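The structure under discussion appears below in the form of structure tokens.
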Amino acid sequence: MIPDDLRYTAEHEWVAGDGTGVVRVGITHFAQDALGDIVFVQLPDAGAVVAAGESLGEIESTKSVSEIYSPVSGTVAARNEALGDTPEVINTDPYGAGWLVEITPDDPTAVDGLLTAGAYRELTES
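Counting from 1, one number per residue, gives the positions in the sequence shown under full-length UniProt numbering.
Shown next, in the form of structure tokens:
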């Protein structure tokens, strides 16, 4: 469950897009599985400035509360408003309807520095 067309972080976020426009960010299947049943998500508003590696929100599950880290620096273009009413969609569709935010990166090449699917696979299998 690691799509080859995405980039990843060691903190288990995924990024869709090449960085030349808005990129979509979510958490991986591995992360949602480890969290368990997700019951609440706190996300930044559109227009918020985020920094790579810094917290941009939280995911609360029946097991714990976990930080969500921004994979790139930039400005939040949108957040997934549907998660306010149905955060559990992250468990059922983490790479689709369970996306978290869209970010306009400050540096279009930043996505290139993230993990490939193969590198993320190695990370999660070790």
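Beta carbons are placed, not taken as given, at the ideal position from N, Cα and C, and that holds for glycine.
Since the model is a prediction, treat every value here as computed from it, not as a measurement.
State buried or exposed for A10, treating a residue as buried only when at least 16 other CB atoms are found within 10 Å of its CB. Sequence index remark: in the sequence shown, residue 10 carries index 10 (1-based). It counts as exposed.
Under 8 Å, do G74 and D112 count as touching if we go by C-beta distance? As a working note, residue 74 is residue 74 in the sequence shown. As a working note, residue 112 is residue 112 in the sequence shown. Not in contact: G74 and D112 (Cβ atoms no closer than 8 Å).
Please report the straight-line C-alpha distance between I2 and A117, rounded to a whole angstrom. Your numbering for residue 2 matches position 2 in the sequence shown. Your numbering for residue 117 matches position 117 in the sequence shown. About 6 Å.
Report the partner residues of T75 according to the DSSP bridge assignment. Here residue 75 is taken as the residue at index 75 of the sequence shown, counted from 1. Note: T75 sits in a beta bridge opposite V49, T104.
Less than 8 Å between the C-beta atoms of L56 and V89, yes or no? The sequence position of residue 56 within the sequence shown is 56, counting from 1. The sequence position of residue 89 within the sequence shown is 89, counting from 1. Taking 8 Å as the Cβ cut-off, L56 and V89 do not qualify as a contacting pair.
Terminal residues of the alpha helix (DSSP H) in which E125 lies: Looking up residue 125 in the sequence shown gives position 125. Its alpha helix (DSSP H) spans residues 117–125.
Of the residues F40, P71, S70, the one placed nearest D85, counting alpha carbons only: Here residue 85 corresponds to residue number 85 of the sequence shown, with the count starting at 1. For the residues F40, P71, S70, the minimum Cα distance to D85 belongs to F40.
Based on DSSP bridge pairs, tell me the residues matched to V25. Position 25 of the sequence shown, counted from the first residue, corresponds to residue 25. Paired residues: V15, V101.
Go through its chain and collect everything with a Cβ distance to R7's Cβ below 6 Å, but skip five positions before and after it. As a first step, residue 7 must be located in the sequence shown, where it is residue number 7. Excluding positions up to five away in sequence, the list reads V15, V111, L114.
Tell me E81's beta-bridge partners as DSSP assigns them. Taking the first residue of the sequence shown as position 1, residue 81 is located at position 81. In the DSSP assignment, E81 is bridged to no other residue.
Between the alpha carbons of D33 and E58, how many angstroms are there, rounded? Within the sequence shown, residue 33 is the residue found at index 33, counting from 1. Within the sequence shown, residue 58 is the residue found at index 58, counting from 1. For D33 and E58, the distance between alpha carbons rounds to 16 Å.
Whose CA, out of D5, Y69, T62, A97, lies closest to the CA of L43? Counting from one through the sequence shown, the residue named residue 43 turns up at place 43. Closest by alpha carbon: Y69.
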